[in-house]
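Chains as they are written, first to last, in numbering that gives the first Met the number 0: chain A, 0 to 328; chain B, 0 to 280.
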Amino acid sequence: MSAAADPAAPVAARRWRLPPVLAMILLVLGIWYLAVIPMNVQDVLTRAERAGASVSPESAVARRDMGSWSLVARNSALLGESWSLDRPRLPAPHQVAAELYRSTFDEEINGRRGIVKSGSLSNRSLIYHGGITLSATFLGFVIGTVMGITLAVGIVHSRVMDMSIMPWAIVSQTIPIVALAPMIIVVLYSIGIQGLIPKAVISAYLSFFPVVVGMVKGLRSPDAMQLDLMRTYNAGAFTVLTKLRLPASVPYLFASLKIAIAASLVGAIVGELPVQKGGLGARMLAGSYYGQTSQVWAALLMAAGLAALLVWLTGWLERRTLRAMGGLP
Amino acid sequence: MNLVLLALLIWGAGFAFNLWLARPARAQSRAARLAVPLIFGATVLVMWELIVRGLEVPQVILPPPSEIAATFASNISMLWGDFVQTILKGALGGYVIGCSAAFLTALLVDRYTYLRQGLLPLGNFMAALPIVGTAPILVMWFGFGWQSKAAVVVLMVYFPMLVNIVAGLSETSAMQRDLMRTYAASWGKTLLKLRLPAALPFIFNGLKVSTTLALIGAIVAEFFGSPTQGLGFRISTSIGQLDLGLVWSAILVAAITGTLAYGLAALIEKWLTFWHPSQRG
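Printed below as a string of structure tokens:
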């Protein structure tokens with residue numbers, strides 16, 4: 000029982016330990032490096048055999064029928080190349096990082112078509128493709144948000160709109176809307192619209208409904224007392240909207256904007272699949288066609304980075320706005 | 000042109016009827032609440048039909064609903080095959096695996112604070128990422144069959160489920176857990192009798208979000224490669240042939256499935272969490 004009274008106990012509790020998030024990231028990386036061995040064992044052994052090493056079992060056909068782990072166990076001396084294959088099934092983390100570096104900074108600064116030597120972004124760099132995706136994402140996000148807010152204002156002010164549209168808006172949340180993406184692209188293409196707009200339409204569509212649902216909730220959040228106060232001021236519907244409902248809805252708006260921006264990035268990426276005209280989605284599909292796994296992974300990492308950045312940016316904007324409005328300390 | 004005028008007329012009539020139905024005196028009744036959206040949906044369909052026919056919009060841009068219904072009816076057996084391939088094998092398989100894996104991880108995470116502090120931020124982060132992007136990689140690993148689609152679905156469903164279940168498991172108050180301890184309830188008993196029931200609203204929240212995600216994952220993964228069956232395959236090949244009637248039919252199947260799956264989850268939720276304030280209203 001003396002431990003509780005021990006003056007050294009708080010010091011021991013403050014003893015440095017690995018931050019849990021860092022520990023988990025290290026764990027994931029460790030599992031990744033380990034998984035590279037069985038995933039690539041077939042290729043590694045084929046290469047070792049070509050280089051003259053004796054592999055067991057001898058024939059490639061027999062190897063194909065064996066489990067990856069038993070192959071690893073029987074040829075443990077020959078696995079040195081697992082992490083440095085040219086076209087691995089699973090590239091090691093450092094290979095992905097190298098590819099990411101090569102296709103961003105290296106390509107732009109040292110490449111023949113990079114921004115330093117040619118004055119424009121290289122069409123082989125992920126910065127260029129990320130920019131294409133990002134512009135479609137932003138355009139779609141802005142369209143979707145503006146339309147969503149407009150519809151939400153309409154729904155809050157008109158009972159008919161509320162009763163007729165709101166159930167459909169909720170039902171449409173349960174529909175895999177992304178399935179429409181290829182059709183929207185092709186149909187818009189056939190009436191002569193191409194480039195940024197079709198992708199932005201998909202993004203707008205995906206970001207539209209979260210905003211509607213969130214904004215309706217937000218615009219309705221002022222309670223009866225506050226609405227009554229506005230009435231005692233003899234305020235019209237428009238004044239109530241601008242002075243009470245819209246300010247009250249800001250926290251709800253930002254909550255749905257965070258969902259909407261991630262959704263519009265997904266929309267832009269999926270929208271780039273059918274038309275191979277640049278963008279991270281096109282890059283992923285091209286990589287998977289030509290077996291360039293590190294290219295797919297690098298594009299995926301870039302997309303993940305963009306998503307994290309966009310969500311963080313929205314969160315930052317939310318904190319700034321709420322603080323300016325006096326909502327946060 | 001007459002058809003377009005007729006469409007506008009029907010729109011006006013439907014809107015006027017809805018205005019009448021939405022008067023405060025009637026708006027509270029169940030029938031009005033049901034009728035107004037249905038009338039709205041029906042007028043939209045009729046307008047679509049009449050305007051497409053009236054303006055003679057080409058088939059390859061927008062087929063009228065009657066055309067879509069006809070295509071749907073004449074291809075039922077093929078669409079059923081797609082349904083089995085994409086939904087029952089890919090989406091449902093992945094959904095079950097992903098949700099159970101998330102549940103087991105959540106139990107583990109719940110026991111160790113260190114794991115929770117490490118995994119929850121990561122899970123929240125992953126839930127916001129465009130995980131559909133892993134589809135090309137998983138198709139490369141698991142082949143064109145339904146297994147790769149299930150794998151994509153597992154990844155898409157796992158993180159939202161994990162975050163929700165962990166949040167749900169921490170729903171009980173210290174007082175309630177202390178009460179269980181005074182009953183000498185074991186960890187398993189406490190879980191079964193107190194913490195799981197308390198977590199159910201959160202779990203169902205996750206399950207409902209995941210139904211849509213599972214469908215998206217299974218369909219988009221088929222864009223990257225599939226056997227000659229499946230809703231995603233049907234959509235991408237029919238677009239290649241400019242057979243938009245079939246595309247819309249496949250989308251209809253996906254939409255109906257999504258709505259029914261969501262409705263089923265909501266129904267089970269209502270049945271299991273009848274005690275929760277959100278269900279009593």
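For every residue, glycine included, the Cβ atom is placed at its ideal position computed from N, Cα and C.
Because the structure is a prediction, the values reported are computed rather than measured.
Start-to-end residues for the alpha helix (DSSP H) that takes in residue i
| i | result |
| --- | --- |
| W19/B | N1 to L20 |
| M160/B | W145 to L168 |
| M179/B | A173 to T181 |
| Y113/B | T112 to A126 |
| D227/A | A223 to T231 |
| Q94/A | P92 to Y100 |
| Q294/A | T292 to A323 |
| E66/B | P64 to S73 |
| I130/B | Segment: none, I130/B is in no alpha helix (DSSP H) and carries neither H nor E. |
| K346/A | There is simply no residue 346/A to check, as chain A begins at 0 and stops at 328 in what is shown. |
| P135/B | A134 to F141 |
| G143/A | L125 to H156 |
| G205/B | L195 to F222 |
Cβ of residue i within 8 Å of any chain B Cβ
| i | result |
| --- | --- |
| R318/A | no |
| G191/A | no |
| P209/A | no |
| L312/A | no |
| T173/A | yes |
| W167/A | yes |
| S220/A | no |
| R158/A | yes |
| A22/A | yes |
| R101/A | no |
| A323/A | no |
Spatial distance of residue i from residue j (CA atoms)
| i | j | result |
| --- | --- | --- |
| V141/A | P159/B | 26 Å |
| R318/A | M324/A | 10 Å |
| V212/A | K269/B | 21 Å |
| V186/A | V59/B | 7 Å |
| T231/A | P23/B | 23 Å |
| L61/B | V51/B | 7 Å |
| S81/A | G97/B | 29 Å |
| W79/B | I67/B | 16 Å |
| P221/A | G235/A | 16 Å |
| A134/B | N122/A | 24 Å |
| R112/A | G13/B | 59 Å |
| V60/A | Y289/A | 24 Å |
| L106/B | A91/A | 30 Å |
| A203/A | I184/A | 13 Å |
| G191/A | L305/A | 30 Å |
| V210/A | I169/A | 12 Å |
| S53/A | L243/B | 57 Å |
| M174/B | W10/B | 58 Å |
| L151/B | T85/B | For the record, residue 151/B in the displayed sequence is Val; it is not Leu. In a straight line, the C-alpha of V151/B is about 12 Å away from that of T85/B. |
Any C-beta of chain A under 8 Å from that of residue i
| i | result |
| --- | --- |
| T7/B | A small correction: the amino acid at residue 7/B is Leu; Thr does not occupy that position in the sequence shown. Cβ-Cβ to chain A under 8 Å: no for L7/B. |
| L263/B | no |
| F232/B | no |
| S235/B | yes |
| W140/B | yes |
| G92/B | no |
| T211/B | yes |
Beta carbon of residue i nearer than 8 Å to that of residue j
| i | j | result |
| --- | --- | --- |
| V177/A | I215/B | yes |
| G139/A | K198/A | yes |
| I164/B | F201/B | yes |
| V265/A | V131/B | yes |
| N74/A | S55/A | yes |
| L279/A | A307/A | no |
| I260/A | G257/B | no |
| I126/A | L133/A | no |
| A6/B | V43/B | no |
| T70/B | S248/B | yes |
| I154/A | V249/A | no |
| F208/A | S171/A | yes |
| G89/B | K148/B | yes |
Heavy atom of the ligand ADP within 7 Å of residue i beta-carbon
| i | result |
| --- | --- |
| G304/A | With respect to small molecules bound, the structure shown includes none, and the ligand ADP cannot be examined in it. |
### Message
I'd like to know if the stretch 187 to 196 of chain B and the stretch 54 to 69 of chain B are in contact, where contact means that at least 3 CB-CB pairs between them fall below 8 Å.
### Response
no
### Task
Indicate whether the contact test is met: 3 or more Cβ pairs, each with one atom in the stretch 267 to 286 of chain A and one in the stretch 89 to 100 of chain B, closer than 8 Å.
no
### Query
Contact between the stretch 98 to 114 of chain A and the stretch 293 to 302 of chain A: three or more CB pairs below 8 Å?
yes
### Query
Three or more C-beta pairs closer than 8 Å, one from the stretch 29 to 44 of chain B and one from the stretch 216 to 230 of chain B: is that the case here?
no
### Query
Is it true that the stretch 111 to 119 of chain B meets the stretch 144 to 159 of chain B, where meeting means three or more beta-carbon pairs spaced less than 8 Å apart?
no
### Query
Does the stretch 222 to 233 of chain B come close enough to the stretch 143 to 153 of chain A that 3 or more CB-CB pairs lie under 8 Å?
no
### Query
Taking three-plus beta-carbon pairs below 8 Å as touching, is the stretch 9 to 22 of chain B in contact with the stretch 146 to 163 of chain A?
yes
### Query
Is the stretch 64 to 74 of chain A touching the stretch 30 to 45 of chain A, taking contact as three or more C-beta pairs under 8 Å?
yes
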